[in-house]
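*Asks:* In the numbering used here, the protein residues as written are 32 to 459.
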Amino acid sequence: MSTTYTLKTYHRCSYGAPIPRSGLVHRSKREGALLFIDLDNFKTLNDTLGHEIGDLLLQQVARRLESCVREDDTVARLGGDEFVVLLEGLSEHISEAAEQTEAIGEKIIVALNQPYQLAEHECHSTPSIGVTLFNDHKQTMDELMKQADIAMYQAKKAGRNTLRFFDSKMQENVDLRASLENDLRKALDLQQFQLYYQIQMDGMGRAIGAEALIRWIHPERGLVPPFQFIPLAEETGLILPIGLWVLETACAQLKAWKHDALRRDLTLAVNVSARQFRQADFAAQVQAAVQHYGIDPTRLKLELTESMLVKDIEDIIAIMHTLKETGIQFSMDDFGTGYSSLQYLKRLPLDQLKIDMSFVRDISVEGGNNTIVQTIIAMAHSLRLNVIAEGVETEEQRELLSFYGCHHYQGYLFSKPVPIEQFEALLK
Ligand code: C2E
Ligand code: MG
Ligand code: MG
32 MSTTYTLKTY HRCSYGAPIP RSGLVHRSKR EGALLFIDLD NFKTLNDTLG
82 HEIGDLLLQQ VARRLESCVR EDDTVARLGG DEFVVLLEGL SEHISEAAEQ
132 TEAIGEKIIV ALNQPYQLAE HECHSTPSIG VTLFNDHKQT MDELMKQADI
182 AMYQAKKAGR NTLRFFDSKM QENVDLRASL ENDLRKALDL QQFQLYYQIQ
232 MDGMGRAIGA EALIRWIHPE RGLVPPFQFI PLAEETGLIL PIGLWVLETA
282 CAQLKAWKHD ALRRDLTLAV NVSARQFRQA DFAAQVQAAV QHYGIDPTRL
332 KLELTESMLV KDIEDIIAIM HTLKETGIQF SMDDFGTGYS SLQYLKRLPL
382 DQLKIDMSFV RDISVEGGNN TIVQTIIAMA HSLRLNVIAE GVETEEQREL
432 LSFYGCHHYQ GYLFSKPVPI EQFEALLK
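In structure tokens:
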């Protein structure tokens, strides 16, 4: 997008460098504030009315921003629909400085909420603003920008068209994340992961297998549940080595059961995340593990989620077929929570649908999610797929599921996920 306007007080900020003592923030100990402003609906406007109209909006936003601040303050456009306002010489007292900043922020929100005349179109636009205060020269511009960006994200989360301050709680979350990530990087080497096994039962009360669920046993944090670290592992790419470890550990377990009459028919289900599945050599990794441990591939079941199907579906289908041909099974986890198109569902070489526990939780004789559960079961039958319900906690739920035609179950009614020794004890 071209920038056809000029900003009166444009200072170029050098990222990563400390804020210079002279220059941007030079005045003694007085507080300053950095406001990160993002327009809420800019992309839609750009896409529907065109870039020229988008440019006009940006120009008018810039002018309005300038009219809200003093001569000494800085207004800059970062690119796209992101602006930065740097306020200087605020009160020395942090609470007063925060009040001053909030007042200016509110003024900006009011100004940017006024209708815009863009050529022949009258348009509306709202901003989300993240603010961070500073009063020393220790923080780099880069750090301040990150803080303001986090606060801006909070403003978006709070419903947009609003302002949020970066506060210590946000900082705590950011720090926690950083230290968690740091520890996560070392967790594999330090052998802090463990696989837990949750039994899966059939309608006759027999064990048919288990789902392998990862646990992180941290020396100080204790047992860290997957929802606290799997998303982080996915973002950082650490899910690749971690996922491979899970796969290999599950295969090693199947190997250990191979010559045991009581256990050799058990199937182990392993969760695979999208990022892992999309690796070019994922199928080869699975095949290598199966061969290395010399296991029967039909005992291994990979659990995928519907969210995986939103991108590169053809590639996913191809990988599934490759693995399916070697005997590997597939289950669609958390089924019903995503938006699988029936068109695709028919093309996926699945073996099983796993009814999400949110539906199971609500079924009761009085009605609730019963229709959804019945529909999923009917769908599974017509696609000739096996169906299992997860999160089965009560006998009533199990009976209803059985009545509706679902005869495989997993949930606290039978057992929580447990370490291998306990799982094996359960089988006896
Ligand atoms: P999921 O695959 O849907 O696993 C089922 C989750 O439901 C497990 O949580 C399990 O402990 C819990 N659960 C089972 N039965 C019941 C029940 O009766 N009631 C209730 N309230 N909960 C029940 P967990 O172990 O905390 O795992 C959460 C999620 O983390 C898993 O959801 C899965 O998406 C992910 N995950 C776990 N292990 C792995 C792994 O090795 N790799 C990947 N990529 N993801 C994993
Ligand atoms: Mg699962
Ligand atoms: Mg699930």
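Every residue gets a Cβ at the ideal spot worked out from N, C-alpha and C, and that includes glycine.
Around the Cβ of Asn204, are there at least 16 other Cβ atoms within 10 angstroms (buried) or fewer (exposed)?
*Replies:* If you number the sequence shown from 1, residue 204 lands on position 173. The residue is exposed, with fewer than 16 neighbouring Cβ atoms inside 10 Å.
*Asks:* Taking 8 angstroms as the CB-CB limit, is Ile273 close to chain D?
*Replies:* Among the protein chains of the structure shown there is no chain D, as only one such chain exists.
*Asks:* Please tell me whether, using a cut-off of 7 angstroms, the distance from the CB of Glu430 to the nearest non-hydrogen atom of ligand 1 is below it.
*Replies:* Working through the sequence shown from its first residue, we reach residue 430 at position 399. No; taking the cut-off as 7 angstroms, the Cβ of Glu430 has no heavy atom of ligand 1 nearer than that.
*Asks:* Taking the C-alpha atoms as reference points, what is the distance between His216 and Leu271?
*Replies:* The sequence position of residue 216 within the sequence shown is 185, counting from 1. The sequence position of residue 271 within the sequence shown is 240, counting from 1. The sequence given here has Arg at residue 216, not His. C-alpha separation (whole angstroms): 12 angstroms.
*Asks:* In angstroms, rounded to a whole number, what distance separates the CA positions of Leu79 and Asn400?
*Replies:* In the sequence shown, the residue the question calls residue 79 occupies position 48. In the sequence shown, the residue the question calls residue 400 occupies position 369. With the sequence shown as reference, residue 79 is identified as Thr, and Leu is not the correct amino acid for it. So the two alpha carbons sit approximately 39 angstroms from each other.
*Asks:* Among the residues of its own chain, which have a CB less than 7 angstroms from the CB of Gly367, if the five just before and after it don't count?
*Replies:* The residue you call residue 367 lines up with position 336 of the sequence shown. Cβ within range, chain order: Ile386, Asp387, Phe390, Ile403, Ile407.
*Asks:* Assuming Gly240 contacts Thr298 under a Cβ cut-off of 8 angstroms, what Cβ separation, rounded to an integer in Å, is found between them?
*Replies:* As a first step, residue 240 is located in the sequence shown; it is residue number 209 there, counting from the start. As a first step, residue 298 is located in the sequence shown; it is residue number 267 there, counting from the start. Rounded, the Cβ-Cβ distance is 4 angstroms, consistent with contact.
*Asks:* Just how far apart, CA to CA, sit Ala179 and Phe165?
*Replies:* As a working note, residue 179 is residue 148 in the sequence shown. As a working note, residue 165 is residue 134 in the sequence shown. Cα to Cα, Ala179 sits roughly 11 angstroms from Phe165.
*Asks:* Assuming Met235 is part of the beta strand (DSSP E), what are its boundary residues?
*Replies:* Looking up residue 235 in the sequence shown gives position 204. Looking at the DSSP string, Met235 is not in any beta strand (DSSP E), and its letter there is neither H nor E.
*Asks:* By the DSSP assignment, the alpha helix (DSSP H) with Glu130 in it spans what residues?
*Replies:* If you number the sequence shown from 1, residue 130 lands on position 99. Here the alpha helix (DSSP H) through Glu130 covers 125-144.
*Asks:* Quick check: Val92 and Leu70, are their CB atoms within less than 8 angstroms of each other?
*Replies:* Within the sequence shown, numbered from 1, the residue matching residue 92 stands at position 61. Within the sequence shown, numbered from 1, the residue matching residue 70 stands at position 39. Result yes, Cβ atoms of Val92 and Leu70 sit closer than 8 angstroms.
*Asks:* Let me confirm a value: Leu373 is counted as buried when at least 16 other C-beta atoms fall within 10 Å, else exposed. Which label applies?
*Replies:* Against the sequence shown, residue 373 aligns to sequence position 342. The residue is exposed, with fewer than 16 neighbouring Cβ atoms inside 10 Å.
*Asks:* Using the Cβ count rule (16 or more neighbours within 10 Å means buried), how would you classify Asp220?
*Replies:* Here residue 220 corresponds to residue number 189 of the sequence shown, with the count starting at 1. When all chains shown are included, Asp220 counts as exposed.
*Asks:* Taking its Cβ as the centre, do 16 or more other Cβ atoms sit within 10 Å of His439, making it buried, or is it exposed?
*Replies:* Residue mapping note: residue 439 aligns to position 408 of the sequence shown, counting from 1. His439 should be labelled buried.
*Asks:* What do you get for Ser210, buried or exposed, if any count of 16 or more other CB atoms within 10 angstroms of its CB means buried?
*Replies:* Locating residue 210 in the sequence shown gives position 179, counting from the first residue. Classification of Ser210: exposed, given that the 10 Å Cβ count is below 16.
*Asks:* Within the continuous alpha helix (DSSP H) that includes Glu174, where are the two ends?
*Replies:* One-based indexing of the sequence shown puts residue 174 at position 143. Its alpha helix (DSSP H) spans residues 172-188.
*Asks:* Candidates Thr163, Val321, Asp104: which alpha carbon is nearest Glu130's?
*Replies:* Here residue 130 refers to the residue found at position 99 when the sequence shown is read from its first residue. Out of Thr163, Val321, Asp104, Thr163 has the C-alpha closest to the C-alpha of Glu130.
*Asks:* Taking contact to mean at least 3 C-beta pairs separated by less than 8 angstroms, is the segment 254-266 in contact with the segment 313-320?
*Replies:* Segments in contact, no.
*Asks:* Rounded to a whole number of angstroms, what is the C-alpha to C-alpha distance between Gln405 and Asp393?
*Replies:* The sequence position of residue 405 within the sequence shown is 374, counting from 1. The sequence position of residue 393 within the sequence shown is 362, counting from 1. For Gln405 and Asp393, the distance between alpha carbons rounds to 13 angstroms.
*Asks:* Using a 10 Å radius around the Cβ and a threshold of 16 neighbouring Cβ atoms, would you call Cys44 buried or exposed?
*Replies:* Position 13 of the sequence shown holds residue 44. Residue placement at Cys44 is poorly supported in this model, since its pLDDT is 35, which falls under 50; the coordinates still yield a value, given next. Label assigned to Cys44: buried.
*Asks:* Is the Cβ-Cβ distance between Leu117 and Glu62 less than 8 angstroms?
*Replies:* Along the sequence shown, read from residue 1 onward, the residue named residue 117 stands at position 86. Along the sequence shown, read from residue 1 onward, the residue named residue 62 stands at position 31. No.
*Asks:* How do the segment 424-436 and the segment 444-457 stand: do at least 3 beta-carbon pairs fall below 8 angstroms, yes or no?
*Replies:* Result yes; three or more Cβ-Cβ pairs closer than 8 angstroms.
*Asks:* Spatial neighbours of Thr280 within its chain, please: C-beta separation below 6 angstroms, excluding the five flanking residues on both sides.
*Replies:* Position 249 of the sequence shown, counting from 1, holds the residue named residue 280. So the qualifying residues of the chain are Leu226.
*Asks:* Run through the segment 357-430 for me and flag every whole beta strand (DSSP E) of 3 or more residues, listed as ranges in chain order.
*Replies:* Counting whole runs of 3 or more residues, the segment 357-430 contains the beta strand (DSSP E) stretches 360-366, 383-386, 417-420.
*Asks:* Compute the minimum distance between the beta carbon of Asn302 and the heavy atoms of ligand 1, and state whether it is under 7 angstroms.
*Replies:* On the sequence shown, position 271 is the one that residue 302 refers to. Result yes, Cβ under 7 angstroms from ligand 1.
*Asks:* Are the beta-carbon atoms of Ile419 and Gln231 separated by less than 8 angstroms?
*Replies:* Along the sequence shown, one-based indexing puts residue 419 at 388. Along the sequence shown, one-based indexing puts residue 231 at 200. It is a contact, given that the beta carbons lie within the stated cut-off.
*Asks:* Could you spell out where the beta strand (DSSP E) holding Glu479 opens and where it closes?
*Replies:* The first residue shown for the chain is 32 and the last is 459, placing residue 479 beyond what the model contains.
*Asks:* Mapping the DSSP letters down to three states, classify Gln441 as helix, strand or coil.
*Replies:* Position 410 of the sequence shown, counting from 1, holds the residue named residue 441. Strand at Gln441.
*Asks:* Specify the secondary structure class of Asp86 as computed by DSSP and reduced to three states.
*Replies:* In the sequence shown, residue 86 corresponds to position 55, counting from 1. Here Asp86 sits in helix by DSSP.
*Asks:* Give a single yes or no on whether Asp365 has its beta carbon closer than 7 angstroms to a heavy atom of ligand 3.
*Replies:* Counted from its first residue, the sequence shown places residue 365 at position 334. Result yes, Cβ under 7 angstroms from ligand 3.
*Asks:* Which residue's Cα is closest to the Cα of Phe224: Val301, Ile344, Ile348, Trp276?
*Replies:* In the sequence shown, counting from the first residue as 1, residue 224 sits at position 193. That would be Trp276, whose Cα lies nearest to the Cα of Phe224.
*Asks:* State the beta-bridge partners of Leu70 as determined by DSSP.
*Replies:* Along the sequence shown, one-based indexing puts residue 70 at 39. Pro158, per the DSSP bridge assignment.
*Asks:* So the candidates are Gln284, Asp382, Thr157; which of them puts its Cα closest to the Cα of Glu455?
*Replies:* Locating residue 455 in the sequence shown gives position 424, where the first residue counts as 1. Measuring from the Cα of Glu455, the nearest candidate turns out to be Gln284.
*Asks:* How about Leu194 and Glu113: do their beta carbons lie closer than 8 angstroms?
*Replies:* Residue 194 sits at position 163 when you count from the first residue of the sequence shown. Residue 113 sits at position 82 when you count from the first residue of the sequence shown. Going by C-beta atoms, Leu194 is not nearer than 8 angstroms to Glu113.
*Asks:* Beta-carbon separation of Phe361 and Met339 under 8 angstroms?
*Replies:* Numbered from 1 along the sequence shown, position 330 holds the residue referred to as residue 361. Numbered from 1 along the sequence shown, position 308 holds the residue referred to as residue 339. No.
*Asks:* Residue range of the alpha helix (DSSP H) that Gln148 falls in?
*Replies:* Position 117 of the sequence shown holds residue 148. Taken as a continuous stretch (DSSP letters only), Gln148 belongs to no alpha helix (DSSP H), being part of the beta strand (DSSP E) at 147-149.
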